[in-house]
Amino acid sequence: MPRVRARQTRVPQAALATLRDVVFLDRKRLTELLGEEPPAEVPGVDGVTHDSRRARPGSAFVAVPGMKHDGTSFVPDALSRGAALVVAEKRPADGEGAPVVVVPDARGALAELSRAVFGDPSAGMRVHGVTGTNGKTTTSYALHAILSEAYGAERCGLMTTAETISGGMRRPSVRTTPESVEVQSTLREMLDDGVRHAVVEVSSHGVALKRVSGTRFRGALFTNLTRDHLDLHGSMEEYYRAKRELFLWAEGPKLANADDAHGRRLAGEVEGVRTFGVAGDADYRVERVGPGESGGTAFSILHPGGVLELESPLLGGYNVENVAGAASLALALGVGEEAILRAVRGMPQVPGRFERVAPSGELGFEVIVDYAHTDAGLEVVLEVAREVADRSLGRVICVYGAAGDRDGAKRPLMGKVAARLADFGVITTDDAYTEDPAKIAREVAAGAEGVPGGGDHEVVLDRREAIERALRGARPGDVVVVAGKGHERVQHLPEGDVPFHDASVVRELLAERKKIRKGG
Numbered sequence: 007m008p009r010v011r012a013r014q015t016r017v018p019q020a021a022l023a024t025l026r027d028v029v030f031l032d033r034k035r036l037t038e039l040l041g042e043e044p045p046a047e048v049p050g051v052d053g054v055t056h057d058s059r060r061a062r063p064g065s066a067f068v069a070v071p072g073m074k075h076d077g078t079s080f081v082p083d084a085l086s087r088g089a090a091l092v093v094a095e096k097r098p099a100d101g102e103g104a105p106v107v108v109v110p111d112a113r114g115a116l117a118e119l120s121r122a123v124f125g126d127p128s129a130g131m132r133v134h135g136v137t138g139t140n141g142k143t144t145t146s147y148a149l150h151a152i153l154s155e156a157y158g159a160e161r162c163g164l165m166t167t168a169e170t171i172s173g174g175m176r177r178p179s180v181r182t183t184p185e186s187v188e189v190q191s192t193l194r195e196m197l198d199d200g201v202r203h204a205v206v207e208v209s210s211h212g213v214a215l216k217r218v219s220g221t222r223f224r225g226a227l228f229t230n231l232t233r234d235h236l237d238l239h240g241s242m243e244e245y246y247r248a249k250r251e252l253f254l255w256a257e258g259p260k261l262a263n264a265d266d267a268h269g270r271r272l273a274g275e276v277e278g279v280r281t282f283g284v285a286g287d288a289d290y291r292v293e294r295v296g297p298g299e300s301g302g303t304a305f306s307i308l309h310p311g312g313v314l315e316l317e318s319p320l321l322g323g324y325n326v327e328n329v330a331g332a333a334s335l336a337l338a339l340g341v342g343e344e345a346i347l348r349a350v351r352g353m354p355q356v357p358g359r360f361e362r363v364a365p366s367g368e369l370g371f372e373v374i375v376d377y378a379h380t381d382a383g384l385e386v387v388l389e390v391a392r393e394v395a396d397r398s399l400g401r402v403i404c405v406y407g408a409a410g411d412r413d414g415a416k417r418p419l420m421g422k423v424a425a426r427l428a429d430f431g432v433i434t435t436d437d438a439y440t441e442d443p444a445k446i447a448r449e450v451a452a453g454a455e456g457v458p459g460g461g462d463h464e465v466v467l468d469r470r471e472a473i474e475r476a477l478r479g480a481r482p483g484d485v486v487v488v489a490g491k492g493h494e495r496v497q498h499l500p501e502g503d504v505p506f507h508d509a510s511v512v513r514e515l516l517a518e519r520k521k522i523r524k525g526g
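If you read the sequence shown in this note's numbering, its first letter stands for residue 7, the second for the next number, and so on.
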């Protein structure tokens, strides 16, 4: 297959605005951005939104077609709140006389307007994108830690599934890659706060739905690709193409995992992509992986400039991949080896990513919370849990489930993985959304039951009760893995959303258990 030349993004050298003084887009600028002149009564706009509830006088409302609702149905609400302009792919049925510009791609228009109204913030900083199925969040945290060590924490930002960090400010994230308005406003906020280096976790949704369009990426990294999100993309080929798109936009260093078939394909198809991994032909080759002196993992990276010896507190071969990818991109960006070494040695716990909520101690067993929500993700987490349990002659107990309104084919695959690698599985409810939790659990259990000699399992639909069941059955030396939701703090159920945070529930249940044991 012929190699694809990366597209070069021309970045306008416009003056940068601030959140307190966003750019006013006059009629001429709107015409340039939308490809059509706005109605005569529209002098310009000084804001943009896709949420009619956030429309205000002087703003543009972009009617984005959604999975369940067409944005044009919210035009009357946006106009009632003072929206000065409506941008849509068709004229709204209930918007008689409304100031409308019809465009072929509403999401693309939203991204362009957002970039422009917030003053093209990524032009004033170095933004690096991390994409792939598994490992995006941990890799993003590792790269952010390295850049913070090199340039100062106050000058570095992070946008991930788990949280957003801007200098010293932290806040929980709503989704992996938010809508383009939020992406651009967050980058603008970072720039105003003095951030000059940012790491953005880029999902396939973020690319396919134009959420990161208009963002200038100065570096990109690909972790791996396994089955996920086929409800959106339809096939693995389209899923791969969505990931590849980031590398066609990105300027500067671009790295792909040589140990992943799709990573190798990416390096072969897109000009300028180099590789990292244990593969012998990787440009940044990982060698001598083994136990670290402080209980973590030690490894070396043989790179074009020499050999870098690292030790990370994170366990597992998959975390070697994650940290090595971040370190390799940092090397390619010109970060010094000493800064990388210090940052990796002091890597913080990543929320909901093999998070050791209850290290083996008073109760004698360990509890891990992890975001693993696919068969591939569950496999790598349980393999590491197996290694930890084997050292203490313990068992692996896994609490897990599958999401509703998503690719149903992965449900039995998750059951098979858990039955093969865990001694006991508790199948429970993840985010069921509109589906029947019992139906989802049956489909997961069908996979577990098809594994000869596999671990036992039972179904406990209430997630808190399922975690309690696993903890009640744990013995000294065991490792309990609570998989699926990781850092998330809300459970989406057919009857509505409820607050739920796996790590907090584990801590509450263990505290109750300790209190009972002490007779309190």
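Cβ coordinates follow ideal geometry from the N, Cα and C atoms, glycine included.
Put residue i into one of helix, strand or coil per three-state DSSP.
i: Ala151; result: helix
i: Tyr290; result: strand
i: Val123; result: helix
i: Pro443; result: helix
i: Asp396; result: helix
i: His239; result: Residue placement at His239 is flagged as unreliable, the pLDDT there being 49, under the threshold of 50; the coordinate-derived value follows with that caveat. If DSSP states are grouped into helix, strand and coil, His239 belongs with the helices.
i: Ala104; result: coil
i: Val93; result: strand
i: Phe30; result: coil
i: Gly453; result: helix
i: Glu251; result: helix
i: Glu464; result: strand
i: His268; result: helix
i: Thr542; result: A query on residue 542 cannot be resolved here, the shown segment of the chain reaching from 7 to 526 and no further.
i: His203; result: strand
i: Val276; result: strand
Closest to residue i by CA distance: which of the options is it?
i: Val470; options: Val205, Glu244, Val504; result: The identity of residue 470 in the sequence shown is Arg, whereas the question assumes Val. The shortest C-alpha separation from Arg470 is found at Val504.
i: Leu85; options: Gly283, Ala304, Ser65; result: Ser65
i: Asp266; options: Tyr246, Gly200, Ala509; result: Tyr246
i: Arg475; options: Pro259, Pro319, Met131, Ile433; result: Ile433
i: Ile346; options: Leu321, Ile307, Val92; result: Ile307
i: Asp57; options: Val487, Leu252, Val81; result: Val81
i: Val295; options: Gly311, Leu384, Asn325; result: Asn325
i: Gly225; options: Pro71, Gly461, Val213, Phe253; result: Phe253
i: Thr435; options: Leu36, Gly88, Ser79, Asp411; result: Asp411
i: Ala332; options: Gly311, Asp484, Ala151; result: Ala151
i: Gly141; options: Gly72, Arg513, Val329; result: Val329
i: Pro1; options: Gly274, Glu42, Thr139; result: What is shown of the chain runs 7 to 526, which leaves residue 1 out entirely.
i: Val512; options: Phe430, Gly298, Val488; result: Val488
i: Gly460; options: Met420, Thr440, Arg495, Val486; result: Met420
i: Tyr439; options: Pro458, Gly298, Ile403, Leu499; result: Leu499
i: Glu343; options: Glu95, Ala425, Glu317; result: Glu317
i: Val375; options: Glu327, Lys445, Lys491; result: Lys491
i: Val279; options: Arg113, Ala256, Gly298, Glu299; result: Ala256
Measuring only the C-alpha atoms, how far is residue i from residue j?
i: Gly400; j: Glu455; result: 23 Å
i: Val206; j: Val292; result: 24 Å
i: Gly340; j: Gly301; result: 29 Å
i: Ala285; j: Asn263; result: 9 Å
i: Leu193; j: Pro127; result: 6 Å
i: Met165; j: His493; result: 14 Å
i: Phe30; j: Ala122; result: 9 Å
i: Val386; j: Phe360; result: 10 Å
i: Cys48; j: Ala117; result: Correcting the residue type first, residue 48 is Val in the shown sequence and not Cys. Each residue's alpha carbon lies about 20 Å from the other.
i: Arg60; j: Glu315; result: 50 Å
i: Glu514; j: Arg481; result: 18 Å
i: Gly135; j: Glu102; result: 42 Å
i: Val28; j: Glu277; result: 36 Å
i: Val93; j: Gly125; result: 20 Å
i: Val107; j: Phe67; result: 11 Å
i: Asp76; j: Val70; result: 7 Å
i: Arg87; j: Pro63; result: 7 Å
Determine which residues share a DSSP beta bridge with residue i and list them.
i: Ile374; result: Arg362, Val487
i: Thr170; result: Met165, Arg177
i: Tyr4; result: Look at the range of the chain in this structure, 7 to 526, and you will see that residue 4 is not part of it.
i: Asn263; result: Phe282
i: Phe305; result: Leu316
i: Val496; result: Pro505
i: Pro297; result: Thr303
i: Gly225; result: His134
i: Pro71; result: Asp76
Please classify residue i: is it buried, with 16 or more other beta-carbons within 10 angstroms of its beta-carbon, or exposed?
i: Asp111; result: exposed
i: Gln497; result: buried
i: Asp396; result: exposed
i: Asp508; result: buried
i: Arg97; result: exposed
i: Pro259; result: buried
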